[in-house]
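Below is one structure, written out as structure tokens; comments come after it.
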Amino acid sequence: MTVAEETEVTLEVGQRTELPALPDPAGPHREREMHAILEIGVRGPSGAPHATPAPGTGSALAEVLIVDTSRSMLHPPAKLHAAKDATAAAVRMLPFGTAFAVLAGRFDATVVHPGPGRQVLAVARPGEREAAERAVRLLDADGGTAIGAWLDLARRLLKDQPAPVKHVLLLTDGRNEHDHRSRRPLETVLDACAGQFVCDAWGIGDDWDAELLLAITRRLHGRARAVRRESELTAAYEELIAGLLGTAVPELRIRLTPTTPGTVIRQVKQVVPNEQELRPVPAGPGGRAAEYVTRAWGDEVRHFQVVLTADPAGRESGEELQLAAVEIVVPGVRRPLRLPPPRPILVRWTDDPLDASRQHPGVRRHELYQRASAAVAQAYRAWLRGADGRETADRELARALALAAELGDAQLLGALRLIESAPGTGRIRPGLKDVDWQHLILSSALTTPPEPPSGEGRRGPARAGADAGRGGTAGERGQAAGVPRVAGPAGSAAGRPVAPGPGGPGSRDGGGAAVARAGAGGTGGGGAVPGATGRGGAAPDRAGPGAAAPAGTGSGGAGSGGAGLVDASLAGAGPGGEGPADADPAGRSPDHATPDRAASDHATPDRAAPDHATPDRAASDHATPDRAASDHATPDRAAPDRAASDHATPDRAAPGGAHPGGMGADRAGTPGSPGPGAVRAAGAGAVPRPGAAGAALPVRPDGLIECPECRWLGPADSVYCGGDCGRPLRGASA
Numbered sequence: 064m065t066v067a068e069e070t071e072v073t074l075e076v077g078q079r080t081e082l083p084a085l086p087d088p089a090g091p092h093r094e095r096e097m098h099a100i101l102e103i104g105v106r107g108p109s110g111a112p113h114a115t116p117a118p119g120t121g122s123a124l125a126e127v128l129i130v131d132t133s134r135s136m137l138h139p140p141a142k143l144h145a146a147k148d149a150t151a152a153a154v155r156m157l158p159f160g161t162a163f164a165v166l167a168g169r170f171d172a173t174v175v176h177p178g179p180g181r182q183v184l185a186v187a188r189p190g191e192r193e194a195a196e197r198a199v200r201l202l203d204a205d206g207g208t209a210i211g212a213w214l215d216l217a218r219r220l221l222k223d224q225p226a227p228v229k230h231v232l233l234l235t236d237g238r239n240e241h242d243h244r245s246r247r248p249l250e251t252v253l254d255a256c257a258g259q260f261v262c263d264a265w266g267i268g269d270d271w272d273a274e275l276l277l278a279i280t281r282r283l284h285g286r287a288r289a290v291r292r293e294s295e296l297t298a299a300y301e302e303l304i305a306g307l308l309g310t311a312v313p314e315l316r317i318r319l320t321p322t323t324p325g326t327v328i329r330q331v332k333q334v335v336p337n338e339q340e341l342r343p344v345p346a347g348p349g350g351r352a353a354e355y356v357t358r359a360w361g362d363e364v365r366h367f368q369v370v371l372t373a374d375p376a377g378r379e380s381g382e383e384l385q386l387a388a389v390e391i392v393v394p395g396v397r398r399p400l401r402l403p404p405p406r407p408i409l410v411r412w413t414d415d416p417l418d419a420s421r422q423h424p425g426v427r428r429h430e431l432y433q434r435a436s437a438a439v440a441q442a443y444r445a446w447l448r449g450a451d452g453r454e455t456a457d458r459e460l461a462r463a464l465a466l467a468a469e470l471g472d473a474q475l476l477g478a479l480r481l482i483e484s485a486p487g488t489g490r491i492r493p494g495l496k497d498v499d500w501q502h503l504i505l506s507s508a509l510t511t512p513p514e515p516p517s518g519e520g521r522r523g524p525a526r527a528g529a530d531a532g533r534g535g536t537a538g539e540r541g542q543a544a545g546v547p548r549v550a551g552p553a554g555s556a557a558g559r560p561v562a563p564g565p566g567g568p569g570s571r572d573g574g575g576a577a578v579a580r581a582g583a584g585g586t587g588g589g590g591a592v593p594g595a596t597g598r599g600g601a602a603p604d605r606a607g608p609g610a611a612a613p614a615g616t617g618s619g620g621a622g623s624g625g626a627g628l629v630d631a632s633l634a635g636a637g638p639g640g641e642g643p644a645d646a647d648p649a650g651r652s653p654d655h656a657t658p659d660r661a662a663s664d665h666a667t668p669d670r671a672a673p674d675h676a677t678p679d680r681a682a683s684d685h686a687t688p689d690r691a692a693s694d695h696a697t698p699d700r701a702a703p704d705r706a707a708s709d710h711a712t713p714d715r716a717a718p719g720g721a722h723p724g725g726m727g728a729d730r731a732g733t734p735g736s737p738g739p740g741a742v743r744a745a746g747a748g749a750v751p752r753p754g755a756a757g758a759a760l761p762v763r764p765d766g767l768i769e770c771p772e773c774r775w776l777g778p779a780d781s782v783y784c785g786g787d788c789g790r791p792l793r794g795a796s797a
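Per the numbering used here: the sequence shown = residues 64 to 797.
This is how it looks when you write it as structure tokens:
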């Protein structure tokens with residue numbers, strides 16, 4: 064099986080690691096929150112549609128198409144005609160064997176095809192598709208709108224379907240005005256439908272409710288969209304169905320495991336390409352870990368924000384500790400899958416208020432989007448008051464424009480300028496209709512990561528592996544059919560994860576990707592232990608020698624200590640540095656790079672090669688000429704009298720480069736052994752690195768491994784003990 068035939072999942076963690084060790088004496092004691100941005104990417108095998116089922120496994124997609132047939136769809140009649148055309152086009156695109164149904168929605172819902180009263184789905188075949196299209200063409204409109212009843216019928220039809228991708232496409236031209244006539248209100252129905260299927264909701268005409276569509280899609284993990292002209296709907300549906308048929312991963316779970324006492328998971332939510340709150344489901348024995356389910360991944364990148372609270376009691380200041388581990392779990396996969404190794408979320412307790420106040424750029428960016436969306440909502444509410452609210456509406460529009468400019472979001476700026484009377488005025492355009500605001504509300508709910516630095520440009524999935532492993536960011540927003548065109552996941556060259564660009568996921572500056580400083584890789588075979596200090600590549604914002612690990616010490620590469628080719632598992636793939644992914648095509652050693660070339664598989668071309676400092680560089684491996692050689696010195700503060708450590712924050716110089724085994728240049732010891740600055744988890748001392756001497760746990764004849772502390776027995780690929788001690792296991796199976 065070649066890399067080109069695999070589906071690859073990538074994971075990067077971006078964060079500011081500093082939290083205040085002492086509460087603010089001038090204010091009330093507040094829980095200390097650590098915010099981290101997870102950038103998760105999926106790239107499927109090129110060439111064939113991903114949703115094609117394996118032989119004998121049944122349909123990969125089950126689809127329910129809901130058409131609003133309330134009386135308002137006749138005013139004008141073009142709405143109903145467009146709905147029929149688009150629904151028929153979607154049915155024609157369904158592959159042979161796809162389970163599907165068409166529903167008509169009024170005060171209640173009825174099955175248009177395969178027929179009224181039927182509680183099973185039809186199966187797409189030539190004759191069946193033609194019969195469904197004939198039934199759609201006969202639709203008429205009457206009655207009111209009760210969307211809860213429509214979704215509840217879709218839930219019942221999809222309940223027993225084995226297809227890995229269950230999807231509902233809902234179209235409406237109105238508001239949920241007759242919810243009181245349903246047996247179950249919409250909010251109750253959404254609770255019942257959550258986790259059962261993905262729903263995309265579309266508005267047509269000039270009287271739909273953007274907040275209603277957003278409430279449905281945020282709860283059911285879909286996207287809310289609308290067309291300005293009825294004639295656009297067919298092309299939008301065709302693009303959306305094509306995206307569904309390109310699903311590479313039907314379900315992906317984010318598993319979070321707190322590793323330090325006192326750490327609590329407060330929130331996990333998707334923040335790119337739109338905001339969606341994720342609710343936890345239990346994960347494994349002991350209740351320590353939680354999983355957060357995401358669905359229907361094509362070739363795309365999404366960002367998620369994790370909020371943890373932590374307790375500094377009894378912890379050392381100035382040293383990075385692991386708060387939690389992040390893993391990716393893909394259940395029921397049907398094709399070869401390459402998963403990333405676990406990644407740590409870190410903390411460094413500090414008594415420096417400046418350090419503690421810094422915010423990761425990805426977190427800041429999402430806050431700006433929230434403020435822009437709130438400004439749009441306030442401007443709309445003020446506009447509804449007429450002349451009384453005109454001043455407030457203008458002020459809020461100007462605020463939204465300023466925030467969109469700060470975000471650099473051209474699509475949001477364009478949507479706001481459709482509301483503005485003239486460029487630069489910050490005033491509401493006269494003669495607006497309510498539907499103009501509904502389109503703006505949908506636009507303000509979409510988010511993007513920042514543009515890559517000048518000269519890099521966006522790269523699509525097909526090029527991500529070819530561009531020296533430098534992955535792109537999540538793609539363009541505002542697609543008509545809600546199927547994002549995205550750049551490749553942060554990346555991979557020959558299957559190796561690569562450190563993200565400066566600032567971690569979605570950032571412009573030195574935001575600090577923790578994974579580059581304390582990656583879960585390490586030398587030697589076997590699965591990665593979160594918190595180990597093997598370096599997976601150059602720290603994103605560190606220039607200078609020693610910034611990248613030699614081949615074999617990175618995480619996630621074929622033949623490295625990270626995850627290799629797996630089938631929904633985190634099994635390792637052989638001794639570090641021996642796989643073909645680590646070989647230099649020219650036969651050169653990574654430690655002897657030419658002057659114009661980075662000396663590591665993960666170093667970017669504009670960074671200096673490790674171990675080959677130019678004469679004008681500071682003597683420290685990571686210190687730039689104008690920075691002091693201390694890991695705790697901020698750019699404008701020299702600290703020559705402080706001890707050097709390789710746990711520098713992203714915007715600081717960091718002596719002690721990544722040498723074989725993850726040791727700094729100033730450390731003593733054998734390669735592969737943890738140095739004195741190794742990341743520690745659960746306050747239990749340095750975590751041994753996977754693959755270190757004596758660290759592998761033997762596999763028993765029954766396929767299990769035994770925890771050396773509490774004698775718990777578990778699967779050979781376990782990262783943590785599931786028994787009383789809960790400690791990180793020291794390596795994967797021998």
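Even glycine gets a Cβ: it sits at the ideal position worked out from N, Cα and C. The structure presented is a predicted model; accordingly, all values stated were derived computationally and were not measured.
Rounded to the nearest angstrom, what separates L128 and A162 at their Cα positions?
Going by the C-alpha atoms only, they are around 11 Å apart.
Which residue spans inside the segment 300-326 form an unbroken beta strand (DSSP E) run of at least 3?
Runs found: 312-321.
Helix, strand or coil for D131? Go by DSSP, reduced to three states.
Note: D131 maps to strand in three-state DSSP.
Would you kindly work out how many angstroms separate the C-alpha atoms of E390 and P321, rounded to a whole number?
About 12 Å.
What is the DSSP secondary structure of W271, counted as helix, strand or coil?
In this structure, W271 counts as coil in the three-state DSSP scheme.
So, do the segment 226-242 and the segment 259-267 have three or more beta carbon pairs nearer to each other than 8 Å?
Yes, they touch.
Would the beta-carbon of W360 fall within 8 Å of that of L315?
Yes, the Cβ-Cβ distance between W360 and L315 is below 8 Å.
Could you tell me the boundaries of the alpha helix (DSSP H) in which E483 lies?
First-last for E483: undefined, no H or E at that position.
Using CA atoms only, rank isn't needed, just tell me which of K496, L479, P404 and G489 is closest to L447.
Here the closest residue by C-alpha is K496.
So I317 and F367 are supposed to be a Cβ contact under 8 Å. How far apart are they, rounded?
Their Cβ separation, rounded to whole angstroms, is 7 Å, which keeps I317 and F367 in contact under 8 Å.
Using DSSP with H/G/I as helix, E/B as strand and the rest coil, what is H241?
If DSSP states are grouped into helix, strand and coil, H241 belongs with coil.
Going by Cα to Cα distance, which pick from R282, I482 and M136 is closest to T357?
T357 has its Cα closest to that of R282, out of R282, I482 and M136.
According to DSSP, is Q339 helix, strand or coil?
Residue state, collapsed to three classes: strand.
Less than 6 Å between C-beta atoms, sequence neighbours within five positions excluded: which residues of the same chain meet that for E354?
Answer for E354: R316, R318, V344 and A346, listed in chain order.
Let me know the secondary structure DSSP gives C256 once reduced to three states.
C256: helix per DSSP, three-state reduction.
Which class does K147 belong to by DSSP, given the choice of helix, strand or coil?
Looking at K147 - three-state DSSP - the assignment turns out to be helix.
With a threshold of 7 Å, establish whether the CB of V331 neighbours any heavy atom of the ligand GTP.
This structure lacks the ligand GTP, and indeed carries no ligand of any kind.
Return the bridge partner residues of W360 from the DSSP annotation.
Note: W360 sits in a beta bridge opposite V312.
Report the start-end ranges of each beta strand (DSSP E) in the segment 395-463 that is 3 residues or longer and not cut off at the edges.
If we require 3 residues or more, the beta strand (DSSP E) runs fully inside the segment 395-463 come out as 406-413.
Looking only at DSSP bridge pairs, what is E769 linked to?
For E769, which the question treats as bridged, DSSP gives the partners L776.
Alpha carbon to alpha carbon, how far is L201 from P512? Give it in angstroms, no decimals.
Answer to the nearest angstrom: the Cα atoms are 45 Å apart.
May I ask which residues mark the beginning and end of the beta strand (DSSP E) holding G285?
Where G285 is concerned, there is no enclosing beta strand (DSSP E), given that its DSSP letter is neither H nor E.
Express the C-alpha separation of L277 and T150 in angstroms, rounding to a whole number.
So the alpha carbons of these two residues sit roughly 22 Å apart.
Given this structure, state the Cα-to-Cα distance separating G268 from G168, to the nearest angstrom.
Their Cα atoms are separated by approximately 16 Å.
Under 8 Å: do the segment 327-341 and the segment 362-381 share three or more Cβ pairs, one atom per stretch?
Touching, per the Cβ criterion.
Three or more C-beta pairs under 8 Å: does that hold for the segment 412-419 against the segment 76-84?
At 8 Å Cβ cutoff, the stretches touch.
By DSSP, does D263 sit in helix, in strand, or in coil?
Residue state, collapsed to three classes: strand.
Sorted by chain position, which residues of the same chain lie with C-beta nearer than 6 Å to R244's C-beta, five sequence neighbours on each side aside?
Closer than 6 Å at Cβ, skipping near neighbours: F170 and A209.
Hey, R95 and T372 are a contact pair by Cβ (cut 8 Å); roughly how many whole angstroms apart?
Yes, they are in contact, since the Cβ atoms of R95 and T372 sit about 6 Å apart, within 8 Å.
Out of W271, G285 and A212, which has the shortest C-alpha to C-alpha gap to T251?
That would be A212, whose Cα lies nearest to the Cα of T251.
How big is the Cα-Cα spacing for A195 and E469?
About 49 Å.
Give the secondary structure of P189 by DSSP, where H, G and I count as helix, E and B as strand, and everything else as coil.
In the structure shown, P189 sits in a helix (DSSP, three-state: H, G or I).
Taking the C-alpha atoms as reference points, what is the distance between R351 and P324?
Near 11 Å, if we compare the C-alpha coordinates of P324 and R351.
Can you tell me whether E71 is helix, strand or coil according to DSSP?
The answer is strand: DSSP assigns E71 an E or B state.
Look up R106 in the DSSP assignment and give the residues it is bridged to.
DSSP lists E71 as partners of R106.
Please report the residue range of the beta strand (DSSP E) in which E176 lies.
In the sequence as presented, Glu is not what sits at residue 176; that position holds His. Segment A172 to H176, the beta strand (DSSP E) holding H176.
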